[in-house]
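Have a look at the structure below, then the notes.
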Amino acid sequence: MDASTTECIIIGAGPAGLSAAMQIAARGHSCTVIEGNVSGGHIVVTAAIMDYPGIETISGYAFSAILLKQAQSNGVAVKTGHKAISLIRTGQNRYTVNLDDGTALSSQCVVLATGLRSVNTGLPEESDFSGRGVSYCAECDGFFFKNKPVAIYGKGDGFAEAVESLSLIGKPTYHVYPSGSPSADATGSTFEGWRIAALEGDGNLSAIHLESNDRKQKRKIEVEGLFVYMGKEPADELLKPFLTTDAVTNMRPLSYHDLARTGLFVSGHLAEAETLIEVCASGVSTAGQVSKYLQKIEKG
Amino acid sequence: MLGTNLEHLEQKEDAETLVNGSENVMISCGRMGPMCIPVYAAMEDLEKEYPHIKLVDMDFDIPAASFIKSLPECSSFMGLPFTVYFKNGKVVEATSSIQSKEQIKEILDHKFN
Numbered sequence: 010m011d012a013s014t015t016e017c018i019i020i021g022a023g024p025a026g027l028s029a030a031m032q033i034a035a036r037g038h039s040c041t042v043i044e045g046n047v048s049g050g051h052i053v054v055t056a057a058i059m060d061y062p063g064i065e066t067i068s069g070y071a072f073s074a075i076l077l078k079q080a081q082s083n084g085v086a087v088k089t090g091h092k093a094i095s096l097i098r099t100g101q102n103r104y105t106v107n108l109d110d111g112t113a114l115s116s117q118c119v120v121l122a123t124g125l126r127s128v129n130t131g132l133p134e135e136s137d138f139s140g141r142g143v144s145y146c147a148e149c150d151g152f153f154f155k156n157k158p159v160a161i162y163g164k165g166d167g168f169a170e171a172v173e174s175l176s177l178i179g180k181p182t183y184h185v186y187p188s189g190s191p192s193a194d195a196t197g198s199t200f201e202g203w204r205i206a207a208l209e210g211d212g213n214l215s216a217i218h219l220e221s222n223d224r225k226q227k228r229k230i231e232v233e234g235l236f237v238y239m240g241k242e243p244a245d246e247l248l249k250p251f252l253t254t255d256a257v258t259n260m261r262p263l264s265y266h267d268l269a270r271t272g273l274f275v276s277g278h279l280a281e282a283e284t285l286i287e288v289c290a291s292g293v294s295t296a297g298q299v300s301k302y303l304q305k306i307e308k309g
Numbered sequence: 011m012l013g014t015n016l017e018h019l020e021q022k023e024d025a026e027t028l029v030n031g032s033e034n035v036m037i038s039c040g041r042m043g044p045m046c047i048p049v050y051a052a053m054e055d056l057e058k059e060y061p062h063i064k065l066v067d068m069d070f071d072i073p074a075a076s077f078i079k080s081l082p083e084c085s086s087f088m089g090l091p092f093t094v095y096f097k098n099g100k101v102v103e104a105t106s107s108i109q110s111k112e113q114i115k116e117i118l119d120h121k122f123n
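Quick look at the structure:
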């Protein structure tokens with residue numbers, strides 16, 4: 010096999026991907042992990058993991074570093090900062106992964122462990138205001154907005170804590186919920202069924218433009234801070250095309266089990282694991298399936 | 011001291027010496043929170059790839075952090091970490107809040123090559 014070919018490619022270097030990788034390599038198979046950002050996934054920012062069997066407490070940062078080290082010690086190649094932009098099944102037992110740097114890798118099977126991604130406002134100007142009014146962590150950045158008008162957008166993870174935290178800091182504080190039927194409370198500080206249509210500011214954020222979901226009402230609110238808590242969604246773009254008719258077999262898969270029979274394995278959050286323990290266990294379980302699959306191919 | 015595997019700057023004098031005595035320096039000044047950690051993790055990943063650049067961190071809550079906080083380029087920042095890139099002692103780029111590895115690489119490639 011040349012440098013761009015391996016027995017198994019794992020997409021995603023979070024706990025599921027790295028757990029799978031170290032176990033696949035331990036079973037004697039070559040394995041490459043592709044990650045668009047840094048290794049560790051969302052667990053890397055967890056302050057303290059306190060419910061993992063055999064470990065009293067550890068930071069997510071340290072846990073991720075150990076996972077990476079274990080995988081690399083087993084001979085796994087981990088390519089971080091390289092985003093997989095497409096996954097193509099090119100034949101029986103053959104997949105090609107195209108990366109954003111223009112290179113491609115091929116393998117006999119693929120594990121998709123891309124996990125979850127944070128949802129943002131979807132506005133193109135959002136990144137321009139990141140760190141200049143737009144924040145994703147009230148606990149981290151709330152102190153910059155003492156006695157300044159702020160808005161909280163969404164209802165995702167950590168939203169309740171953010172509301173409590175910012176109510177002590179921001180003056181006034183607006184709450185904007187994108188779901189539900191349009192309404193605004195009597196004080197004009199809560200907007201349910203409204204979305205943010207645009208951000209405004211010269212350098213730093215100075216206002217948000219709201220629009221009701223029925224598009225009948227619009228409001229401009231002057232704020233210096235916008236805290237986005239839109240939650241997370243599955244990062245499943247590479248998986249979705251395989252849930253339709255397969256180009257090679259002309260069959261439509263009915264389940265992830267069907268995909269696994271073609272050498273495409275789904276692991277971690279995408280396979281509905283939720284806690285860290287479940288996610289790691291999912292990775293280990295996937296490794297067992299991958300190993301059996303590769304042994305079966307080898308035997309012909 | 012931040013719980014990273016990067017070199018930590020703890021004294022203002024050390025920061026001045028590093029910035030003025032090195033051609034290329036990146037300092038990320040923050041805490042161990044969810045916006046800062048991904049930046050440190052990316053820096054650790056990039057250390058080997060960019061041996062001609064000093065990649066260091068600094069605790070936002072120590073007195074020495076005034077070295078970063080007082081920079082004009084950071085005056086309007088409202089998100090941790092404050093990450094500043096120095097070339098021959100001068101600020102060539104500064105960012106506020108979380109940055110992806112890809113975004114950091116782009117700055118390193120553009121400003122230091």
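First to last, the sequence lines map onto chains A and B.
Under our numbering, the first residue of the first sequence is numbered 10, with each subsequent residue one higher.
Under our numbering, the first residue of the second sequence is numbered 11, with each subsequent residue one higher.
We treat Cβ as the ideally placed atom computed from N, Cα and C, and that holds for glycine.
With which residues is Cys-39 (chain B) paired in a DSSP beta bridge? B:Met-68, B:Phe-92
Tell me where the beta strand (DSSP E) around His-18 (chain B) begins and ends. 17 to 19
Could you tell me whether the Cβ of Phe-153 (chain A) comes closer than 8 Å to any Cβ of chain B? yes
Between the alpha carbons of Gly-13 (chain B) and Tyr-70 (chain A), how many angstroms are there, rounded? 8 Å
Between which two residues does the beta strand (DSSP E) harbouring Gln-117 (chain A) extend? 113 to 121
Give a yes or no on whether 8 Å exceeds the smallest Cβ distance from Arg-166 (chain A) to chain B. One point to set straight first is that residue 166 (chain A) is Asp, not Arg, in the sequence displayed. Chain B contact via Cβ: absent.
For Lys-100 (chain B), list the residues DSSP reports as bridge partners. B:Lys-97
Can you list, in chain order, the residues of its chain whose CB lies under 6 Å from that of Glu-184 (chain A), leaving out five sequence neighbours each side? Position check: residue 184 (chain A) holds His in this sequence, whereas Glu was assumed. Around His-184 (chain A): Ile-161, Thr-199.
Local conformation of His-218 (chain A) per DSSP, three classes: strand
When you compare the CB of Lys-75 (chain B) with every CB in chain A, is at least one pair closer than 8 Å? The amino acid occupying residue 75 (chain B) in the given sequence is Ala; Lys does not appear at that position. No, Ala-75 (chain B) lies away from the interface with chain A (no Cβ there is under 8 Å from its Cβ).
Answer yes or no: do Met-68 (chain B) and Ala-25 (chain B) have a C-beta to C-beta separation smaller than 8 Å? yes
What are the boundary residues of the alpha helix (DSSP H) that Pro-48 (chain B) is part of? 47 to 56
Would DSSP call Phe-152 (chain A) helix, strand or coil? helix
Segments of 3+ residues assigned as beta strand (DSSP E) that fall wholly inside the region 178 to 235 of chain A: 182 to 186, 199 to 201, 203 to 211, 213 to 221, 227 to 231
Rounded separation between Phe-154 (chain A) and Ser-176 (chain A) - CA only: 11 Å
When you compare the CB of Glu-148 (chain A) with every CB in chain B, is at least one pair closer than 8 Å? yes
Euclidean distance between Cα positions of Tyr-60 (chain B) and Leu-19 (chain B): 19 Å
Coil, strand or helix - Ala-57 (chain A) by DSSP: coil
Mark Ile-18 (chain A) as exposed unless 16 or more other C-beta atoms lie within 10 angstroms of its C-beta, in which case mark it buried. buried
Mapping the DSSP letters down to three states, classify Thr-129 (chain B) as helix, strand or coil. Nothing about residue 129 (chain B) can be read from this structure; chain B reaches only from 11 to 123.
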